[in-house]
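Engineer: Dropping a structure here in structure tokens format, bear with me for questions.
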Amino acid sequence: TFIRVLRDSNEVVGTVRDELDLTDDLSVRAVISDVRPDLILNCAAYNEVDSSESCPETALAVNAFGVQSLAAMAAEFSSTLVHFSTDFVFDGNTTKPYSEADTPNPQSVYATSKLLGEWFAAETPRHYVIRVESLFGGLTSSNKESRRSSLDLLADALLEKQTVRAFTDRVVSPSYVEDVADATTEILTRGLPNGLYHCVGSGNASWFDIVTELASRLEMDALIQRITLKDMDLPAKRPQFSALSNRKLASAGVVIPSWQDAIRRYADTRLKYIDKNC
Numbered sequence: 001t002f003i004r005v006l007r008d009s010n011e012v013v014g015t016v017r018d019e020l021d022l023t024d025d026l027s028v029r030a031v032i033s034d035v036r037p038d039l040i041l042n043c044a045a046y047n048e049v050d051s052s053e054s055c056p057e058t059a060l061a062v063n064a065f066g067v068q069s070l071a072a073m074a075a076e077f078s079s080t081l082v083h084f085s086t087d088f089v090f091d092g093n094t095t096k097p098y099s100e101a102d103t104p105n106p107q108s109v110y111a112t113s114k115l116l117g118e119w120f121a122a123e124t125p126r127h128y129v130i131r132v133e134s135l136f137g138g139l140t141s142s143n144k145e146s147r148r149s150s151l152d153l154l155a156d157a158l159l160e161k162q163t164v165r166a167f168t169d170r171v172v173s174p175s176y177v178e179d180v181a182d183a184t185t186e187i188l189t190r191g192l193p194n195g196l197y198h199c200v201g202s203g204n205a206s207w208f209d210i211v212t213e214l215a216s217r218l219e220m221d222a223l224i225q226r227i228t229l230k231d232m233d234l235p236a237k238r239p240q241f242s243a244l245s246n247r248k249l250a251s252a253g254v255v256i257p258s259w260q261d262a263i264r265r266y267a268d269t270r271l272k273y274i275d276k277n278c
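Heads up, the sequence shown is in UniProt numbering, so the first residue is 1 and it goes up one at a time.
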């Protein structure tokens with residue numbers, strides 16, 4: 001998505017793990033030295049939240065020390081580093097959306113590795129740390145292996161008329177990849193001050209409410225089972241209320257649509273893709 005948005009007015013070099021391995025400092029140095037970019041956009045992450053509990057070295061290597069390598073190279077070549085982080089850096093013990101001024105308190109290995117990545121990214125002079133959450137969209141392929149988003153997988157299940165389960169007590173601010181890409185581009189175009197920004201859909205809701213809205217937009221008469229975090233024996237702790245406030249961006253003129261509007265556009269895209277490939 002970012003490559004598509006940025007390449008219209010920029011020369012963009014996209015990489016995959018085989019070309020740039022964040023866990024290999026020499027690989028990072030070789031690619032950055034060859035490209036000498038003005039901007040480094042880091043969308044890579046190890047986001048297996050539960051697996052991170054048993055494999056902390058992997059989470060730390062990618063989410064923390066890999067970012068440290070990128071930050072060092074960004075500083076060396078005077079590049080701007082854009083690094084994406086997560087709502088999981090907060091503990092969820094609140095009832096109002098978190099702002100950029102709120103103090104993180106990670107509750108899992110994954111969350112800790114992401115917070116360390118934020119700190120490393122902030123060490124380079126020209127940086128943007130952008131927190132997103134509950135990302136969805138960006139791919140229309142029917143290949144489920146290529147889609148990692150929880151909401152994408154829930155959409156697959158709804159379209160297949162399967163029963164789905166959704167948390168009633170986990171509250172988030174869903175982030176549509178298209179909106180995140182547009183907002184990030186605006187941040188760069190407007191030259192906003194370096195620092196930390198929350199880039200999420202406006203508003204918040206429980207996962208149950210989000211899936212209910214999605215089912216309605218997909219025109220599916222779905223059976224959605226209500227569950228709570230306590231119903232699931234998950235290795236890693238999740239923040240219960242981790243909605244993020246995007247007021248800082250809005251006050252700078254970067255307005256992100258509501259999560260409901262994003263769900264509508266996402267559902268329209270999914271339905272059009274189905275019609276096209278029937």
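Every residue gets a Cβ at the ideal spot worked out from N, C-alpha and C, and that includes glycine.
(1) Can you tell me which of Arg264, Val177, His198, Val35 puts its alpha carbon nearest to the alpha carbon of Glu76?
(2) For Ile263, which of helix, strand or coil comes out of DSSP?
(3) Please state whether DSSP places Phe77 in a helix, a strand or coil.
(4) Mapping DSSP to helix, strand and coil, what is Glu145?
(5) Comparing C-alpha positions only, which one of Gly203, Ala252, Pro235, Ala222 sits nearest to Gly191?
(6) For the alpha helix (DSSP H) containing Arg190, list its first residue and its last residue.
(7) Helix, strand or coil for Asn63, going by three-state DSSP, please let me know.
(8) What first and last residue would you give for the beta strand (DSSP E) that runs through Phe132?
(9) Could you name the residues that DSSP lists as bridge partners for Gln225?
(10) Please report how far the alpha carbon of Ala222 lies from the alpha carbon of Lys161, in whole angstroms.
(11) Take Arg17 and list the residues in its own chain whose beta-carbon comes closer than 7 Å to its own, dropping the five residues that flank it on each side.
(12) Buried or exposed: where does Glu19 fall if 16 or more other Cβ atoms within 10 Å of its Cβ makes it buried?
(13) Buried or exposed: where does Ala155 fall if 16 or more other Cβ atoms within 10 Å of its Cβ makes it buried?
(14) Am I right that Thr163 and Ser206 are in contact with their C-beta atoms under 8 Å? What's the rounded C-beta distance?
(15) In three-state terms, what does DSSP make of Ala122?
(16) Please classify Tyr110: does DSSP put it in a helix, a strand, or coil?
(17) Taking only three categories from DSSP, how would you classify Leu41?
(18) Can you give me the C-alpha to C-alpha distance between Gly66 and His83, rounded to a whole angstrom?
(19) For a test of the three-state rule: what should DSSP assign to Tyr46, helix, strand or coil?
(20) Can you tell me which residues form a DSSP beta bridge with Leu196?
Structural biologist: Taking the structure as given:
(1) Within the sequence shown, residue 76 is the residue found at index 76, counting from 1. The residue with the shortest Cα to Cα distance from Glu76 is Val35.
(2) The residue labelled residue 263 in the question sits at position 263 within the sequence shown. Reduced to three states, the DSSP call for Ile263 is helix.
(3) Within the sequence shown, the letter at position 77 stands for residue 77. In this structure, Phe77 counts as coil in the three-state DSSP scheme.
(4) If you number the sequence shown from 1, residue 145 lands on position 145. Note on Glu145: pLDDT 48, under 50, position unreliable in the model; no value is reported.
(5) As a first step, residue 191 must be located in the sequence shown, where it is residue number 191. That would be Ala252, whose Cα lies nearest to the Cα of Gly191.
(6) Indexing the sequence shown from 1 puts residue 190 at position 190. Start and end: 177 to 190.
(7) Reading the sequence shown from its first residue, position 63 is the one you call residue 63. Helix, per DSSP.
(8) Position 132 of the sequence shown, counted from the first residue, corresponds to residue 132. The residue asked about is misnamed: residue 132 is Val in this sequence, not Phe. Per DSSP, Val132 belongs to the beta strand (DSSP E) from 127 to 132.
(9) For the purposes of this step, residue 225 is taken as the residue at position 225 of the sequence shown. DSSP, once it has assigned bridges, lists Arg165 as partnering Gln225.
(10) Position 222 of the sequence shown, counted from the first residue, corresponds to residue 222. Position 161 of the sequence shown, counted from the first residue, corresponds to residue 161. Rounded to whole angstroms, Ala222 to Lys161 spans 6 Å at the Cα level.
(11) Taking the sequence shown and counting its residues from 1, one reaches residue 17 at position 17. Excluding residues within five positions, none has a Cβ falling inside 7 Å.
(12) By 1-based counting over the sequence shown, the position of residue 19 is 19. Exposed, since its Cβ has fewer than 16 Cβ neighbours within 10 Å.
(13) For the purposes of this step, residue 155 is identified with residue 155 of the sequence shown, where counting begins at 1. With 16 or more Cβ atoms within 10 Å of its Cβ, Ala155 is classed as buried.
(14) Within the sequence shown, numbered from 1, the residue matching residue 163 stands at position 163. Within the sequence shown, numbered from 1, the residue matching residue 206 stands at position 206. Their Cβ separation, rounded to whole angstroms, is 18 Å, which puts Thr163 and Ser206 out of contact at 8 Å.
(15) Along the sequence shown, read from residue 1 onward, the residue named residue 122 stands at position 122. Residue state, collapsed to three classes: coil.
(16) Counting from 1 along the sequence shown, the entry for residue 110 is found at position 110. Here Tyr110 sits in helix by DSSP.
(17) Counting from one through the sequence shown, the residue named residue 41 turns up at place 41. Reduced to three states, the DSSP call for Leu41 is strand.
(18) Here residue 66 refers to the residue found at position 66 when the sequence shown is read from its first residue. Here residue 83 refers to the residue found at position 83 when the sequence shown is read from its first residue. Near 11 Å, if we compare the C-alpha coordinates of His83 and Gly66.
(19) Within the sequence shown, the letter at position 46 stands for residue 46. Three-state result, Tyr46: coil.
(20) By one-based count along the sequence shown, residue 196 stands at place 196. Leu196 pairs with Val129.
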